[in-house]
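Going down the list, the protein sequences come from chains A and B. Residue 130 in UniProt numbering sits at position 130 of the first sequence; the count goes up by one each step and never skips. Residue 81 in UniProt numbering sits at position 81 of the second sequence; the count goes up by one each step and never skips. Everything below concerns the one structure shown next.
Protein chains: 2
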Amino acid sequence: MESLKNSGNGSDSVLAALRKIMRSIDLHSKSLVKRFGLTSPQLIVLREVDAHGQVTAGEIAHAVSLSQATITGIFERLEKRGLITRKRSSDDRRRILVQPTLEATKCLAGAPPLMQESFVDAFEKLQDWEKSMILSSLQRLVSLMDAQNIDAAPFLAAESLETPINGEN
Amino acid sequence: MESLKNSGNGSDSVLAALRKIMRSIDLHSKSLVKRFGLTSPQLIVLREVDAHGQVTAGEIAHAVSLSQATITGIFERLEKRGLITRKRSSDDRRRILVQPTLEATKCLAGAPPLMQESFVDAFEKLQDWEKSMILSSLQRLVSLMDAQNIDAAPFLAAESLETPINGEN
DNA sequence: TGACATTATTTTGAACACAAACTAATAAAT
DNA sequence: ATTTATTAGTTTGTGTTCAAAATAATGTCA
Numbered sequence: 001m002e003s004l005k006n007s008g009n010g011s012d013s014v015l016a017a018l019r020k021i022m023r024s025i026d027l028h029s030k031s032l033v034k035r036f037g038l039t040s041p042q043l044i045v046l047r048e049v050d051a052h053g054q055v056t057a058g059e060i061a062h063a064v065s066l067s068q069a070t071i072t073g074i075f076e077r078l079e080k081r082g083l084i085t086r087k088r089s090s091d092d093r094r095r096i097l098v099q100p101t102l103e104a105t106k107c108l109a110g111a112p113p114l115m116q117e118s119f120v121d122a123f124e125k126l127q128d129w130e131k132s133m134i135l136s137s138l139q140r141l142v143s144l145m146d147a148q149n150i151d152a153a154p155f156l157a158a159e160s161l162e163t164p165i166n167g168e169n
Numbered sequence: 001m002e003s004l005k006n007s008g009n010g011s012d013s014v015l016a017a018l019r020k021i022m023r024s025i026d027l028h029s030k031s032l033v034k035r036f037g038l039t040s041p042q043l044i045v046l047r048e049v050d051a052h053g054q055v056t057a058g059e060i061a062h063a064v065s066l067s068q069a070t071i072t073g074i075f076e077r078l079e080k081r082g083l084i085t086r087k088r089s090s091d092d093r094r095r096i097l098v099q100p101t102l103e104a105t106k107c108l109a110g111a112p113p114l115m116q117e118s119f120v121d122a123f124e125k126l127q128d129w130e131k132s133m134i135l136s137s138l139q140r141l142v143s144l145m146d147a148q149n150i151d152a153a154p155f156l157a158a159e160s161l162e163t164p165i166n167g168e169n
């Protein structure tokens, strides 16, 4: 009965739920680093590096939806742990090419999942319709939010006939 | 067609979507602090303080699903900006009572929404069924994740008869 | 060639978020 | 009454994340 507290269906409820979810994910990440030595973002980045073999920070940043500055920090820690090597590209000396070490491959082989195993299990056991409902809900949110970041572009042109876009934003 | 990339429906896709969503929310928070002076977490906490009038750090931590240490940091910044005051409780001198200042009420009155206005608008305009689908999907995820955080406790008591808990863990 | 712009990465500074260790005060137990 | 445990809050250390400024290399245009 408590779930009707805040006018129930608003975007505030969405935010509250999302914050709980992300907290849970963050807690798992922090437990990973103890049991396994790497946090989730580190693991995500390392996976991506391993999948591509030889990449630049910018490519990784784009692939995992993080800023370049963030990638730099993660690279630093991965390098310190001997999981990647960095060297300047010779044909464009602005670029830094990153490569996974042998350690990295070994490490990834025994890597735990990025979310609590019990969650993964539980999620996989859901009915197909529920899994797709959840996933499509999330992707709906992604598209609703992406809209503003990209925002300027396509739709607004059409809608602007009705809603004249007040500079602002 | 690209959406089938990663074995498609797994919890990895869920995580990827969630990370994009939270990034978007974080970016908004960072833009808030420039236009308005407070970040989302600060605003969330301040709202909660204002709603309760006189509260302790622990109560707020529980109400907004953050650790006490995090609340301490946020209180510090809110205090520095003159939005709350802290003083020891006289009947239990461990407690620190927090109160919103007059500034705070003024501030909250003109506070922007916690998510991009364009998102809020777009979300409110969705069909009712879609809003509830999204919200209930999120709450489903919350409950699936909560399960593990809670679960540890009750079992151990029973199991400890068989497994004498080796310090470790 | 020299001035300017663009691109790739790093550095800096701020905030958030946690656990673990710590301080201080209260409560319980011997 | 003294020890011990619990509770409330802070401090410390690590990691994530971003924007903005700083480096550095490449490209462009005059």
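The beta carbon of each residue, even a glycine, is placed where N, CA and C say it ideally should be. Predicted, not measured: the structure shown is a model, and the values here were computed from it.
Asked	Found
F123 of chain B at chain A interface by Cβ criterion, 9 Å	yes
Nearest-angstrom Cα separation, counted from F36 of chain B out to P112 of chain B	8 Å
Under 7 Å from the C-beta of R35 of chain A: neighbouring residues of chain B	Here the premise fails: no neighbours, minimum Cβ distance about 10 Å.
Close-in-space but distant-in-sequence residues of the same chain around A17 of chain A (CB under 6 Å, 5 per side omitted)	none
Proximity winner among A:Q68, A:D50, A:S137 and A:V49, relative to G58 of chain A (alpha-carbon distances)	A:Q68
Alpha-carbon to alpha-carbon, K80 of chain B and A51 of chain B	20 Å
Three-pair Cβ contact test at 8 Å for the region 20–36 of chain A versus the region 13–32 of chain B	yes
G127 of chain B, buried or exposed, once every other Cβ within 10 Å from all chains shown has been counted against 16	Per the sequence shown, the amino acid found at residue 127 of chain B is Gln instead of Gly. Under this definition Q127 of chain B is an exposed residue.
Cβ distance (whole Å) where K87 of chain A is taken to contact L97 of chain A below 8 Å	6 Å
Backbone CA spacing between S40 of chain A and D91 of chain B [nearest angstrom]	44 Å
Residue-chain proximity (S90 of chain B, chain A), Cβ-Cβ < 9 Å	no
Proximity to D146 of chain A [Cα-Cα], best of B:S118, B:T56 and B:G110	B:S118
Residues from the region 17–35 of chain B in contact with chain A, defined by Cβ distance under 9 Å	A17, L18, R19, K20, I21, M22, R23, S24, I25, L27 and H28
Per-residue DSSP class, three states only, for A139 of chain A	The amino acid occupying residue 139 of chain A in the given sequence is Gln; Ala does not appear at that position. In this structure, Q139 of chain A counts as helix in the three-state DSSP scheme.
Spatial neighbours of Q99 of chain B in its chain, beta-carbon cut-off 6 Å, leaving aside the 5 residues before and after	Q54 and T85
Reduced DSSP secondary structure (H/G/I, E/B, other) of T85 of chain A	strand
Near-chain B residues of the region 53–73 of chain A - C-beta to any C-beta below 7 Å	S65
Environment of T56 of chain A [buried if 16+ CB atoms lie within 10 Å]	buried
Cut-off 8 Å between Cβ atoms - residues of its own chain near A61 of chain A, not counting five sequence neighbours on either side	S67, Q68, T70 and I71
Buried versus exposed, by CB contacts within 10 Å (16 or more), A109 of chain A	exposed
Within chain A, partners of F75 of chain B - CB distance below 9 Å	Chain A residues near F75 of chain B: none, gap ~18 Å exceeds 9 Å.
Residue from A:V49, A:L114, A:I134 and A:E130 with nearest C-alpha to T101 of chain A	A:V49
Per DSSP, the bridge partner or partners of V98 of chain B	B:V55 and B:R86
Same chain, Cβ closer than 8 Å to G10 of chain B, neighbours up to 5 away in sequence not counted	none
Within chain B, the residues that L114 of chain A reaches when beta carbons sit closer than 9 Å	S11, D12 and L15
First and last residue of the uninterrupted alpha helix (DSSP H) at R68 of chain A	Note on residue identity: the sequence assigns Gln, not Arg, to residue 68 of chain A. Here the alpha helix (DSSP H) through Q68 of chain A covers Q68 to K80.
Simplified DSSP assignment, three categories, for Q127 of chain A	coil
For S29 of chain A, the first and last residue of its enclosing alpha helix (DSSP H)	S11 to R35
Sequence-distant residues of the same chain with beta carbon closer than 6 Å to V120 of chain B, five excluded per side	P113
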